[in-house]
Amino acid sequence: MLKFITKFLYVLQDKKKALLIMIILFLVVSLMEALGTGMVGPFITLATHPNAVQENVLLNRIYTAFSFASPHQFLILTGCLIIVVFYLKAILSFKAQKYIFDFSFGQQGELSSRLMRLYLAAPYTFHLDRNSAALIQNIVNETHTVANGLLIPLLMSISNLVIIAALVVLLVATNVLATLVIAGILIASFVLFHQFKDRLSQWGKDGSDARTAMIRVINHGLGGLKETRVIGCEAHFEKQLQEQAQKFATSSSLAVSFSNLPRYMIEAVLITFLIIFTFLFLVLNQQNAQNLSAVLGIFALASIRLLPAAGNLLSSINGIRYNSYALDKLYLDLKELEQFQSRTFDASGMTRQAADSSYCEHMTFLHQIALNNVTYAYPNSSANALQGISLNIRKGQSIGLIGKSGAGKTTLVDVILGLLIPQSGDIQVDGVSIYENLRAWQNIIAYVPQSIFLIDDTLEHNVAFGVPKHLIDQDRLWKAIEAAQLSELVEQLPSGIDTMVGERGVLLSGGQRQRVGIARALYHEREILVFDEATAALDNETEELVTEAIKSLSGIKTMIIIAHRLSTIEHCDCIYSLQEGRVFKSGTYEEVVLT
1 MLKFITKFLY VLQDKKKALL IMIILFLVVS LMEALGTGMV GPFITLATHP
51 NAVQENVLLN RIYTAFSFAS PHQFLILTGC LIIVVFYLKA ILSFKAQKYI
101 FDFSFGQQGE LSSRLMRLYL AAPYTFHLDR NSAALIQNIV NETHTVANGL
151 LIPLLMSISN LVIIAALVVL LVATNVLATL VIAGILIASF VLFHQFKDRL
201 SQWGKDGSDA RTAMIRVINH GLGGLKETRV IGCEAHFEKQ LQEQAQKFAT
251 SSSLAVSFSN LPRYMIEAVL ITFLIIFTFL FLVLNQQNAQ NLSAVLGIFA
301 LASIRLLPAA GNLLSSINGI RYNSYALDKL YLDLKELEQF QSRTFDASGM
351 TRQAADSSYC EHMTFLHQIA LNNVTYAYPN SSANALQGIS LNIRKGQSIG
401 LIGKSGAGKT TLVDVILGLL IPQSGDIQVD GVSIYENLRA WQNIIAYVPQ
451 SIFLIDDTLE HNVAFGVPKH LIDQDRLWKA IEAAQLSELV EQLPSGIDTM
501 VGERGVLLSG GQRQRVGIAR ALYHEREILV FDEATAALDN ETEELVTEAI
551 KSLSGIKTMI IIAHRLSTIE HCDCIYSLQE GRVFKSGTYE EVVLT
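Using the UniProt record's numbering, the letters of the sequence shown map in sequence onto residues 1 to 595.
This is the structure in structure tokens:
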């Protein structure tokens with residue numbers, strides 16, 4: 001339980017004040033509950049036996065203190081007061097419930113944003129080991145589960161506990177025997193439902209895993225729609241989805257059914273209590289029939305509120321157990337990513353810290369980039385992917401990287417981009433380490449991959465990627481479009497730059513998508529452009545067009561080009577040939593490629 005509370009408070013962060021306000025509100029509601037219920041007994045007594053004003057010590061004191069004219073007047077005022085108390089309790093209960101929902105669903109939004117921010121800022125190696133379906137599941141579904149399936153039931157449980165405590169105090173003061181009977185029934189119910197604790201937790205894990213698998217199957221089937229259709233494997237993905245949907249349905253059905261079981265037991269428990277108590281009361285003959293009716297009135301009304309509260313408490317506890325797996329998942333990710341965000345990396349004898357994504361200082365690049373003895377090994381790998389790489393790149397220079405698959409080209413580019421942090425060595429710009437302000441370094445570098453990521457939006461928003469429409473610089477936008485040789489395409493599009501390109505740019509050709517990627521890099525005015533086999537998936541004619549667009553930037557931009565076809569790096573000032581993570585050969589195109 002302590003671990004659960006620790007995790008919960010960590011996920012909620014600084015929300016102790018809001019929780020305290022809710023607890024105070026719950027206390028007020030419970031006091032109103034006890035006050036209203038406690039007044040019912042005296043009201044019944046006065047209604048059935050007006051002479052009780054003289055016989056009952058407490059009623060007589062109140063009657064005398066307020067100088068009532070008659071027992072009838074006392075009865076009317078008591079009835080009106082009960083009505084006011086119950087209406088006030090209803091209003092406060094509604095307010096408390098609304099506060100719970102506002103707080104809980106507000107936390108869902110905050111938690112989703114917090115996860116999204118941390119996932120975007122997470123180290124690149126974190127994403128290498130994670131499936132995007134699992135991250136989507138956490139951001140969208142698990143945050144909802146924590147809010148709706150954990151936070152709301154937990155707050156409702158606190159509310160019900162406070163109400164139960166207040167009513168139990170009232171019942172003990174009214175009749176100890178009746179309290180013991182109802183307590184015994186409730187304790188037996190709690191013990192019975194406690195037996196399902198482990199099963200509920202397992203059903204929650206099964207349901208969460210099934211939902212993650214469903215998202216993954218959908219991504220696979222729809223993400224590769226062309227291949228799915230051509231190969232004819234629609235039935236395969238449909239079957240996989242059905243299997244996971246069935247697992248989710250089974251676990252959810254079992255959990256919800258057993259969680260709601262206490263609610264169906266309320267009527268039986270209430271009748272059992274009333275019969276047992278009445279039997280014991282008459283057998284023991286503790287009081288006369290007049291007091292029996294008043295006591296039964298209080299206990300009947302209290303039971304109508306107490307037993308549903310106990311049933312809801314049991315249902316909430318079962319729901320918390322079922323959904324606790326979601327809390328564990330989010331807690332582990334938040335803990336890992338926030339620890340990463342706060343800790344430093346030590347390499348090459350210097351302290352390195354990933355800069356906050358909001359820190360946008362510009363790094364000055366006037367002369368050269370120097371890689372000094374850079375070594376990198378992937379996590380859980382004993383072999384170095386890069387071994388002692390040293391090279392210099394002058395401003396305005398174009399360099400080409402060649403080598404067989406696995407030689408280390410992409411790893412080297414990922415290190416240069418600041419996505420991977422080397423275990424030793426350093427990268428310096430004009431003598432300043434990029435790790436002193438990694439965000440500033442990334443603000444002057446752009447990446448154009450083999451497969452350009454395009455959003456399902458207009459051409460304008462894909463070029464000015466990440467910039468709100470009202471902040472897009474139109475002059476800079478058109479200069480980037482012209483430099484990337486996209487002007488002719490824009491003229492042909494039905495709505496020009498406002499034309500939708502489709503999901504992943506499906507309405508554009510491969511060459512057009514690559515040039516959009518180049519235009520994007522130019523719009524953001526990055527001084528260094530990195531091309532990772534940017535023409536590998538293109539036909540010869542389209543490759544020539546894209547290569548010409550790249551060549552036109554020679555001397556204007558500093559370029560690092562990973563080559564799939566050697567013809568794309570003929571114009572480069574220097575070629576580096578990599579082999580087994582080392583620079584095997586370097587020089588001009590003629591020196592490295594032709595000899």
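Think of the CB as a built atom: it goes at the ideal place given N, C-alpha and C, for glycine as much as any other residue.
Around the beta-carbon of residue 376, 16 or more other beta-carbon atoms lie within 10 Å, marking it buried.
Distance from the Cα of residue 502 is smallest, within the candidate group 476, 494, 456, for 456. Residue 535 and residue 363 have their C-alpha atoms some 29 angstroms from each other. Each of 433, 523, 511, 547 was checked against the Cα of residue 467, and the nearest Cα belongs to 523.
Distance from the CA of residue 514 to the CA of residue 561, rounded to the nearest whole angstrom, comes to 14 angstroms.
For residue 574, the enclosing beta strand (DSSP E) stretches over residues 574–579. Of 26, 138, 587, 118, the smallest CA-CA separation from residue 212 is found for 138. A contact between stretches requires three or more CB pairs, one per stretch, nearer than 8 angstroms, and the segment 458–474 fails this requirement with the segment 412–419.
Under the three-state reduction of DSSP output, residue 426 falls in the strand class. The continuous beta strand (DSSP E) containing residue 402 extends over residues 398–402.
If you draw a 10 Å sphere on the C-beta of residue 506, you find fewer than 16 other C-beta atoms in it, and that means exposed. As DSSP reads the structure, residue 559 sits in a beta bridge with 398, 529. In this structure, the alpha-carbon of residue 542 lies about 40 angstroms from that of residue 140. For residue 372, the pairing in a beta bridge is given by DSSP as 426. C-alpha of residue 384 to C-alpha of residue 121: approximately 25 angstroms in a straight line.
Here residue 546 is not near residue 416, since their CB atoms are 8 angstroms or more apart. Between the C-alpha atoms of residue 487 and residue 504 there is a straight-line separation of about 21 angstroms. Minimum Cα-Cα distance from residue 159 among the listed residues 570, 305, 370, 585 corresponds to 305. DSSP, read as helix, strand or coil, puts residue 365 in coil.
For residue 582, the three-state secondary structure derived from DSSP is strand.
Distances from the CA of residue 89 to each of 163, 500, 234 were compared; the closest alpha carbon is that of 163. Cα atoms of residue 239 and residue 253: separation of roughly 21 angstroms, rounded to the nearest angstrom. Taken through DSSP and simplified to helix, strand or coil, residue 502 comes out as coil. In the three-state reduction of the DSSP assignment, residue 481 falls in the helix class.
Under the three-state reduction of DSSP output, residue 51 falls in the coil class, being neither helix nor strand.
Every alpha helix (DSSP H) stretch that sits fully inside the segment 435–478 and reaches 4 residues is listed by chain position as 438–442, 459–463.
Assigned with DSSP and collapsed to three states, residue 433 falls in strand. By the C-beta criterion, the segment 63–82 is judged not to be in contact with the segment 10–27, since fewer than 3 inter-stretch pairs fall below 8 angstroms. The three-state reading of DSSP puts residue 392 in strand, counting E and B together. Distance from the Cα of residue 402 is smallest, within the candidate group 435, 525, 577, for 577.
Residue 34 holds the alpha-carbon nearest to the alpha-carbon of residue 172 among 11, 490, 34, 425. Around the beta-carbon of residue 48, fewer than 16 other beta-carbon atoms lie within 10 Å, marking it exposed. Contact check for residue 574 and residue 397: beta-carbon distance about 7 angstroms, within the 8 angstroms limit, so the pair qualifies.
Going by beta carbons, residue 446 and residue 480 fall outside the 8 angstroms limit. Judged by DSSP secondary structure, residue 416 falls within the alpha helix (DSSP H) whose first and last residues are 409–416.
Residue 66: not part of any alpha helix (DSSP H); DSSP gives it neither H nor E.
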